[in-house]
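Written out below as structure tokens is the structure these notes cover.
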Amino acid sequence: MVQKKFYDFLRNFRADSVFKYREALTQNYRRHDSLVIVELADVAAFDTELLTSLQKRPDFQLRLFEAAARDVLQRSVLPSIERHHAFDVQLALQSTQLSTPLRSLTAEHVGRLLKVSGIIVSASKVRSKAVKLDIQCTNCGKRLSLNCEGAFSHATLPKRCDAGQEQADCGPSPYVVIPDGCLYVDQQTLKLQEAPEAVPTGEMPRSTLVVVERGLVDRASPGARVSMLGMLSLFERSDTSHNPDAAVAAIRVPYLKVVGVEFDTNGHGDKERRFTPAEEEHFVELARRSDIHNLLAASIAPSIQGEYTLDIKKALACQLVGGCRKTLPDGLRLRGDINVLLLGDPSTAKSQFLKFVEKVAPVGVYTSGKGSSAAGLTASVIRDKNREFFLEGGAMVLADGGVCCIDEFDKMRETDRVAIHEAMEQQTISIAKAGITTVLNSRTSVLAAANPVYGRYDDLRSAAENIDMMSTILSRFDCIFIVRDIRDESRDLSIAKHVMGVHMKASNASRSHRGVNTQPGCASAHDADTLDLKSLKEFVAYCRAKCSPRLNNQTSALLSSEYVAIREAVKSRGEQAGGRRHQAVPVTVRQLEALVRLAESLAKMRLQASVQPQDVHEALRIFKVSTMTAASTTPQTAGAELRFLGDDQRTQIQNAEQFLKQRVPVGADAKTIRLLEEGIALGHCDSALRRALKIMSNRAEFAELEKGKRLRRLR
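Numbering (full-length UniProt numbering) for the sequence shown: 1 to 715.
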């Protein structure tokens, strides 16, 4: 009766004057594709009782559904097919119902059809699973067939042969499996984990075992965000790790047998989001504002203020929106994601920027460089209890389609930093371990925070001396900001007032949540002309999904000429230095592509189809105040350096300079260690003497000989 209803549905259901599933079966047969997608909304429109029965007993009803599909194909669609012709039909179900959170799965969901969402973190190899065993008695030759239902079920062979009383006894356990006569299906085991943004603070992410079969295998790789429709089932697993004799005490382990997979990301790795007409109208109106870039920048971490943060926020706004990915005719891909590095002194809100971007990005993953290994950032191959190898994705894979925030980037081991080179530029991660050779997507932006070599940025040293990173990793960052904690009374007073204001507003907000009235006239936590967190996140998602601007002839020519000018400036600066100073950040073609991405992101904010000259000029300005400033930073002279020191330090350095000038005449040589010892004996501070020597060397008053062991007074 139920199979007849399924048969009528597949044969007679029409959508837009087309027999939807009858045509799908025909086309799939001709393409030799056994997978047919069935929408549960169509089943409900045809017969609600049919949908109810499918939801209550999905495993049994789905077998009837697929049998009905084979009948439709053989009897009605292609009568010429012989009855014995075997053509497998697999139905993949899709539903618009809300997803059930993984941490909400309970015993009442067992055996029911439900939908769960998350991210694939590991995947096994595809293996063959026997669903029907062909067994034969070794004595009398009688053959039997045993069904082996369930993803992890095991068939028990009969202990005795039942050929009949008239035949001789075949003895105990006479049956053996005939491998060539068994029926197999492809099977793959996945691990589905909660999305990082859905995990409550302080909680471990929940995960569940997922089994896909036949046409659904090899569709989802680690890092893919999926919604899966399936049946929650149980299987027995004996825990013999501690007591081998306790194998009879079986443990029931839940798993999801998948009957349909939907990807939550589009082909570019961006998370899909459906917008209502009212939302689209609001976003289009917002993009028409002439100050949209400033608005987005002001909405990023409003609690962090300061003159040095303005350009950082503008660069982060460009990073969130992103440029445009491109695929060349030869198959090569050019990344559109923007990488940003914040390098500077402690207590300059670098980590707070990372935390905020993690919340706003469509997909955000936060990690610390000190506690991250190369495998934890990229991917690893692990072995389970069955000694089967699994491929498990790391932070860069899980952040596919979003932003990966890496704090304490300078604390990483150099070997671990090298591991993300491919992920940052080619946006793939190649794996060749334990017989598993594959390529995973890591289409993610990288926002990293690091400290200089000496903890604080030393203005007396060049950029190359302050930045302890290889040029290969630095060239992969589109924007590199040097963040300094400058000692200035007016600046410190302004920051102190702002910090006190933030604490007072936070205290008032917490009191109001407890029902306590705040003082009248207290300002809100955010300025009026900013977007709240939800609106900012939705606008960023809309820009990434709906707009893909391109360069035109005018802007491409402008970018080319500016890039050539930048290269000439770097070359002339190197010639003036006589080749003595190492370039901290090399200016290569990657920086030209960085300018293209910045310009595209600025045009994308305004939902423009092409990049305009004003976008190029703003992209050049951001690039020059970030990467070019970091690349061209030179040791400061005494006057510039002494402005940022206290009165006592400034006096000590000036006195040390006077001592050195008196001690070493022009043209004379002296041992460095002897000068320091004599200065300390006269009451000068060791650090003041060394800093004075550095300042005078930068002014070309002293020249270092024998690797700094001796000094010569030049003028």
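Every residue gets a Cβ at the ideal spot worked out from N, C-alpha and C, and that includes glycine. Remember, it's a predicted structure, so these values are computed and weren't measured experimentally.
Cβ pair residue 135, residue 184 closer than 8 angstroms: no
Residue of 622, 657, 307, 20 minimising C-alpha distance to residue 348: 307
Residue from 474, 472, 451 with nearest C-alpha to residue 466: 451
Residue 217 vs residue 169 beta-carbon contact at 8 angstroms: no
For residue 597 and residue 298, the rounded distance between their alpha carbons: 21 angstroms
Complete runs of the beta strand (DSSP E) confined to the segment 370-409 [at least 3 residues]: 379-383, 389-393, 403-407
Own chain residues within Cβ distance below 7 angstroms of residue 606, not counting five before or after: 287, 292
Cβ contact check for the segment 533-544 and the segment 309-316: 3 or more pairs under 8 angstroms: no
Start and end residues, alpha helix (DSSP H) containing residue 308: Unbroken run through residue 308: none, as it is neither H nor E.
Pair within 8 angstroms by beta-carbon distance, residue 318 and residue 602: yes
Cβ-based burial, residue 563 [other Cβ within 10 Å; buried from 16]: buried
Under 8 angstroms between C-beta atoms of residue 666 and residue 627: no
Coil, strand or helix - residue 55 by DSSP: helix
Residues near residue 90 by beta carbon distance below 6 angstroms, same chain, minus five either side: 34, 35, 214, 215
Which of helix, strand or coil DSSP assigns to residue 208: strand
Continuous alpha helix (DSSP H) assignments of at least 4 residues falling wholly in the segment 286-338: 292-299, 309-321
Residue 448: first and last residue of the uninterrupted alpha helix (DSSP H) it sits in: Here residue 448 belongs to no alpha helix (DSSP H); instead the beta strand (DSSP E) covers 445-450.
Beta-carbon spacing of residue 356, residue 300 below 8 angstroms: yes
Same chain only: Cβ atoms within 8 angstroms of residue 126, ignoring 5 sequence neighbours per side: 186, 187, 188, 217, 218
Helix, strand or coil at residue 512 [DSSP, three-state]: In this prediction, residue 512 scores a pLDDT of 49, lower than 50, which makes its location untrustworthy; the coordinate-derived value is nonetheless stated afterwards. Reduced to three states, the DSSP call for residue 512 is helix.
Sub-8 angstroms separation of residue 117 and residue 95 beta-carbons: no
Length of the line joining the Cα atoms of residue 588 and residue 321: 24 angstroms
Given residue 120 as reference, the closest of 397, 409, 477 once Cα atoms are compared: 397
8 angstroms contact criterion, which residue 415 and residue 374 should meet: CB distance rounded: 6 angstroms
Spatial neighbours of residue 402 in its chain, beta-carbon cut-off 8 angstroms, leaving aside the 5 residues before and after: 271, 361, 362, 363, 364, 365, 444, 445
Which listed residue (475, 502, 93) has its alpha carbon closest to that of residue 305: 502
Identity of the residues DSSP links to residue 258 by a beta bridge: 230
Runs of beta strand (DSSP E) lying entirely within the segment 468-492, each at least 3 residues, in chain order: 479-483
Buried versus exposed, by CB contacts within 10 Å (16 or more), residue 257: buried
Distance between beta carbons of residue 610 and residue 549, contact taken as under 8 angstroms: 6 angstroms
Burial state of residue 114, where buried means 16 or more other Cβ atoms lie within 10 Å: buried
Alpha-carbon to alpha-carbon, residue 206 and residue 408: 27 angstroms
Whole-angstrom C-beta distance between residue 42 and residue 5, which should lie under 8 angstroms: Actually they do not touch by this definition, with Cβ atoms about 13 angstroms apart.
Span separating the alpha-carbon of residue 475 from that of residue 31: 47 angstroms
Local conformation of residue 714 per DSSP, three classes: coil
Coil, strand or helix - residue 147 by DSSP: strand
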